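Numbered according to our numbering, the sequence shown terminates at residue 379, and the numbering increases by one at each position without gaps. Reading through the structure tokens given below for one structure.
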Amino acid sequence: MKISADFDSGNIQVIDSSDAQRVLLAIRPDLNSSHFQWFHFQVAELEVGQRYGFVLTNIGQSAYSHAWTGYQATASYDGEHWFRVPTRIVDGQLHFELRAEQPQVRFAYFEPYSRARHDQLITRTLAAGAEQVACGKSLEGRNIELLRIGGRAAAPRKLWIIAQQHPGEHMAEWFMEGLIERLQDRQDEQMAELLAQADLYLVPNMNPDGAIRGHLRTNYAGQDLNRAWQSASAERSPEVLFVLEQMQRIGVDLFLDIHGDEDIPHVFTAGCEGNPGYTPRLAALEEEFRSRLVAVGEFQTRFGYPRAAPGQANLALACNAVGQAFDCLSFTLEMPFKDHDDSPQPRTGWNGARSARLGRDVLTVLAQMVARLR
Ligand code: GEM
Ligand code: ZN
6 MKISADFDSG
16 NIQVIDSSDA
26 QRVLLAIRPD
36 LNSSHFQWFH
46 FQVAELEVGQ
56 RYGFVLTNIG
66 QSAYSHAWTG
76 YQATASYDGE
86 HWFRVPTRIV
96 DGQLHFELRA
106 EQPQVRFAYF
116 EPYSRARHDQ
126 LITRTLAAGA
136 EQVACGKSLE
146 GRNIELLRIG
156 GRAAAPRKLW
166 IIAQQHPGEH
176 MAEWFMEGLI
186 ERLQDRQDEQ
196 MAELLAQADL
206 YLVPNMNPDG
216 AIRGHLRTNY
226 AGQDLNRAWQ
236 SASAERSPEV
246 LFVLEQMQRI
256 GVDLFLDIHG
266 DEDIPHVFTA
276 GCEGNPGYTP
286 RLAALEEEFR
296 SRLVAVGEFQ
306 TRFGYPRAAP
316 GQANLALACN
326 AVGQAFDCLS
336 FTLEMPFKDH
346 DDSPQPRTGW
356 NGARSARLGR
366 DVLTVLAQMV
376 ARLR
């Protein structure tokens, strides 16, 4: 058997592969950081029909060690169709197994969204008429594209959606792909109505360096970008600095920050209830957004993060920083690494296609609410 991870978003360390029934592995931490949880590796030269067992030995030291309960690893033979494999925790280590149907398979924490697919998405989106308003650079010099999708003339409302500040949260760019594809569907009358009133400002991937490096949480400098929104710097967080500068130049009437959550097996949002500037107007908009999304998409409001106490929000987070600075509706939107237990799909769990569909469903809510954002 041959195990490798030297590819886009690859992450594994082989401890001992001498026993094919019990291959001992470890997840590598983010560069310049102690965070780890994302894994992605390939196993080749398998014997079809043979059962194989893999053990992630260091999950006890991972960023969210409690979150492995109920988690099922994902696998793919072709890199396109991903499925969940039998997974269990034994003596604090994660065991998963596979009876090989093909000589080569990939395993990952979640269905990966590759840089190549990102580049194709950008090319396709620009070819379909989107504007690249500006392009920032990550610490390693990769593009942070800011796209504008709107009507011919500048529309009154500016709606911002950014994704994958946390590089291991690959569901975020799957979400953006679904959202962008629907926005550019010229047959979709609801999108025509939305784009007559609003321009969408989109950053499909905030953290390309971390994503390519197989990081969970941080950028090349080991910075958690979702803790940099009060102290963004060219040295440690140019990705955030770039977006903040563009927001200040263009304005913001609504903000969504797209993430994934390791533990909670549901889709949910976190709002700005702890912000000093939180008002009944914003509370009503949050309530309306959530109830409308429950009605159209895989979303729920029973499970999520604890509400922040009034005035106690951490303004270093994008959602809180932007909501406070622009007095606008602002959410962190979370999709699960596990499944959305309100509508479970055991064979795949939550995956890229469901993330993309949620992106499309969120647009329905934006179209329903755009006239009332200010
Ligand atoms: C989370 S958002 C932080 C928790 N939010 C609230 N309101 N308690 C983060 O950055 O830690 C988003 C994520 O990581 O997915
Ligand atoms: Zn996140």
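Quick reminder that beta carbons are idealized off the backbone N, C-alpha and C, glycines included. None of these values were measured; they are calculated from a predicted model.
Query raised in the report: Taking the C-alpha atoms as reference points, what is the distance between I269 and A233?
Result: 24 Å
Where H71 and V245 are concerned, what is the direct C-alpha to C-alpha distance, given to the nearest angstrom?
29 Å
**Prompt:** Looking at the structure shown, is S81 part of a helix, part of a strand, or coil, going by DSSP?
**Reply:** Of the three classes helix, strand and coil, the one that applies to S81 here is strand, per DSSP.
Next item on the list: Examine the Cβ distances between the region 202-215 and the region 111-125 and report whether three or more of them are shorter than 8 Å.
Entry: Flag = yes, the region 202-215 and the region 111-125 touch.
Checklist entry - For H40 versus Y114, is the C-beta distance shorter than 8 Å? => result no
Beta-carbon contacts of L200 that lie in its chain and below 6 Å, excluding the five residues immediately before and after: G155, G156
Look at the Cβ atom of V248, then the Cβ atom of I167, and state whether they are nearer than 8 Å. yes
Task: Integer-rounded CB distance, given that M196 should sit under 8 Å from G364 - done: That pair is no contact at about 12 Å.
Flag this pair as touching only if the region 303-319 and the region 221-230 have three or more C-beta atom pairs under 8 Å; answer yes or no.
no
Problem - Nearest neighbour of R297, chosen from L320, S348, M374 [CA to CA] - result: M374
| Does at least one heavy atom of the ligand ZN sit under 7 Å from the Cβ of H264? | yes
TODO: Verify whether the separation of the beta carbon atoms of G276 and E339 is less than 8 Å.
DONE: It is not a contact, given that the beta carbons lie outside the stated cut-off.
Self-check item: Cβ-heavy atom distance, Y225 to the ligand GEM, below 7 Å
Solution: The answer is no for Y225.
Q. At a cut-off of 7 Å, is N231 close to the ligand ZN when judged by its beta-carbon and the heavy atoms of the ligand?
A. yes
- Looking only at C-alpha atoms, which of S81, M176, D11, G15 sits nearest to G219? G15
Practice task
Return the chain-ordered list of same chain residues with a C-beta closer than 6 Å to the C-beta of D204, the five sequence neighbours on each side being excluded.
Solution key: Around D204: R153, G155, A160, K163.
Under the three-state reduction of DSSP, which class applies to D21: helix, strand or coil?
Assigned with DSSP and collapsed to three states, D21 falls in strand.
Quiz item: Which class does H71 belong to by DSSP, given the choice of helix, strand or coil?
Solution: In this structure, H71 counts as helix in the three-state DSSP scheme.
* Report back the beta-carbon spacing between Y118 and G357 to the nearest angstrom; my notes put them in contact at under 8 Å. => 7 Å
Report the three-state DSSP secondary structure of P341 (helix, strand or coil). strand
Report task. Would you please state the rounded distance, in angstroms, between the beta carbons of Q3 and T130? I believe it to be under 8 Å. Result -> Past the edges of the chain, shown from 6 to 379, lies residue 3, and the structure says nothing about it.
Worksheet item: What residues in its chain sit with their C-beta under 6 Å from that of E174, if we drop five residues either side in the sequence?
Response: H264, G265
field: Under the three-state DSSP convention, the category T306 falls into
entry: coil
Legend entry - For L259 and C333, believed in contact at Cβ under 8 Å, the rounded distance: Yes, C333 and L259 are in contact; Cβ-Cβ is about 6 Å, under 8 Å.
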